[in-house]
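*Asks:* Numbering (this note's numbering), first residue to last: 2 to 133. Think of the CB as a built atom: it goes at the ideal place given N, C-alpha and C, for glycine as much as any other residue. One structure, as structure tokens, below. Some questions next.
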């Protein structure tokens, strides 16, 4: 993982492998793992970005790549109502547990923009950070 810029706006890139959840799992699957952004001074409140896959309800050996941004308050896990989930499905980004994902994150002008590259295919999505 490398940090290119730091502060309120910045960039980050990482190569990662991630978990695939069954599509009928709970909405809180995997909320405790991810990248933390914009914490308060005492780290009581923060934004966390999870990158993961959703597979079929029968088996989770491969799945569509998703990103979820959650607002966390305190030490407890964020509730699903505190999260916004988006799919890279429009870009046909499918992963297995051993797939390497190149992730680039840019935070600019109250937007978090994520791009993921899997097997030469690239997908992008963004989250509005206004009020978060």
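Going by Cα to Cα distance, which pick from 113, 111, 46, 120 is closest to residue 1?
*Replies:* Not covered by the structure: residue 1. The range shown for the chain is 2 to 133.
*Asks:* Can you list, in chain order, the residues of its chain with a C-beta nearer than 6 Å to that of residue 36? Leave out the 5 residues immediately preceding and following it.
*Replies:* The residues are 50.
*Asks:* Would you mind giving the Cβ-Cβ distance between residue 111 and residue 131, rounded to the nearest angstrom? I have them listed as a contact below 8 Å.
*Replies:* Their Cβ separation, rounded to whole angstroms, is 5 Å, which keeps residue 111 and residue 131 in contact under 8 Å.
*Asks:* Taking only three categories from DSSP, how would you classify residue 83?
*Replies:* The answer is helix: DSSP assigns residue 83 an H, G or I state.
*Asks:* Is residue 44 helix, strand or coil by DSSP?
*Replies:* Residue 44: coil per DSSP, three-state reduction.
*Asks:* Looking only at its own chain, which residues have a Cβ that is under 6 Å from the Cβ of residue 118, when we skip the five neighbours before and after it?
*Replies:* Excluding sequence neighbours, residue 118 sits near 103.
*Asks:* Between residue 68 and chain B, is the shortest Cβ-Cβ distance under 8 Å, so that the two count as touching?
*Replies:* Within the model displayed, chain B is absent; a lone protein chain is all it includes.
*Asks:* Please determine, among 66, 42, 45, 83, the residue with the shortest C-alpha to C-alpha distance to residue 99.
*Replies:* It is 66.
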